[in-house]
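Here the numbering used here is used: the first residue of the sequence shown is 19, the next is one more, and so on.
Here a beta-carbon is modelled for each residue, glycine too, at the ideal position from N, C-alpha and C.
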Amino acid sequence: MWRTSSSAERAAWHELRARCDRRVESLLRSVELPDPWNIDEFIDGLERHRGRDVDLCAVSWHLGDSTGAWQRNDDHDVIAYPDNTSTMHQDYIILHEIGHMISGHHGQCVLSVQEAQRRAPDLSPTALAHLLHRGDVTTEEHEAETIATLIFARITRRTGRRRSRRRTGAAPDDRTAATLTRLTSAFDQL
Ligand SMILES: [Zn+2]
């Protein structure tokens, strides 16, 4: 997680969070969160809302390579995500890339180990993971990650309420809850 060292940095963080909150609110006024959650349906709605196609591209990446990629083209977007991780994790990665899109970022997000190794070839993969998650990240990456976390939190909270109300006896999704806690705590500690 990122450590802030001054009130100015904390203020910048709160501004970023508020900015992302507004973007998520605006998006969800136009694009419904499918219930039950389904990333394909969500992207269908996103395509209609933006008038642009979004192509999802599953890519086999090394275990531990926890990130995806986004490429903005003239008339459509491409999101690459690892096919060798959990569905929930894939969805989170895709939401991160959607965070870039709805923020109007115009660059590329390629937060892969391979990309990082090109930037910093002397670092070990372990150090790279550290770098990607804590260090050399831009404001755009912070925004995309924050938006993914905010949307993911809504999905998870709603799933919890529905399960509770129906009393189906379904197994508690501890893994989802634990992941969400880990993700959100990284932000809340700032
Ligand atoms: Zn990104």
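Return the residue from the list the options that minimises the CA-CA distance to residue i.
i, options, result
"E163", "R35, L51, M106 and R172", "R35"
"E161", "S25, S24, W31 and E27", "W31"
"D109", "T167, I120 and R41", "T167"
"D62", "S24, I116 and R90", "I116"
"M106", "I169, Q89, E158 and A29", "I169"
"A171", "V42, A26 and E27", "V42"
"G69", "D53, D92 and T157", "D92"
"L8", "T156, R176 and M119", "What the structure shows of the chain is the stretch from 19 to 208, and residue 8 is not part of that stretch, so it cannot be assessed."
"V96", "S25, I111 and D73", "D73"
"E50", "R28, I165 and R66", "R66"
"I112", "W55, A98 and E33", "A98"
"R90", "D39, D71 and E59", "D71"
So residue i is in the beta strand (DSSP E); what residue range does that whole segment cover?
i, result
"L51", "Taken as a continuous stretch (DSSP letters only), L51 belongs to no beta strand (DSSP E), as it is neither H nor E."
Once DSSP output is grouped into helix, strand and coil, what is the label at residue i?
i, result
"H94", "strand"
"D71", "strand"
"H32", "helix"
"T199", "Caution is warranted here: a pLDDT of 45 is assigned to T199, below 50, making its placement in the model unreliable, and no coordinate value can be reported."
In or out: residue i buried (at least 16 other Cβ within 10 Å) or exposed?
i, result
"G122", "exposed"
"T174", "buried"
"P100", "buried"
"R47", "exposed"
"V77", "exposed"
"C75", "exposed"
"E159", "buried"
"F205", "Note that F205 has pLDDT 38, beneath the 50 cutoff, so the model's placement of it is unreliable and no number is given."
"A87", "buried"
"H94", "exposed"
"R28", "exposed"
Would you please verify whether the beta carbon of residue i is less than 7 Å from any beta carbon of chain D?
i, result
"T174", "Included in the structure is just one protein chain, with no chain D present."
At which residues does the alpha helix (DSSP H) containing residue i begin and terminate?
i, result
"D101", "Careful: D101 lies outside any alpha helix (DSSP H) and carries neither H nor E."
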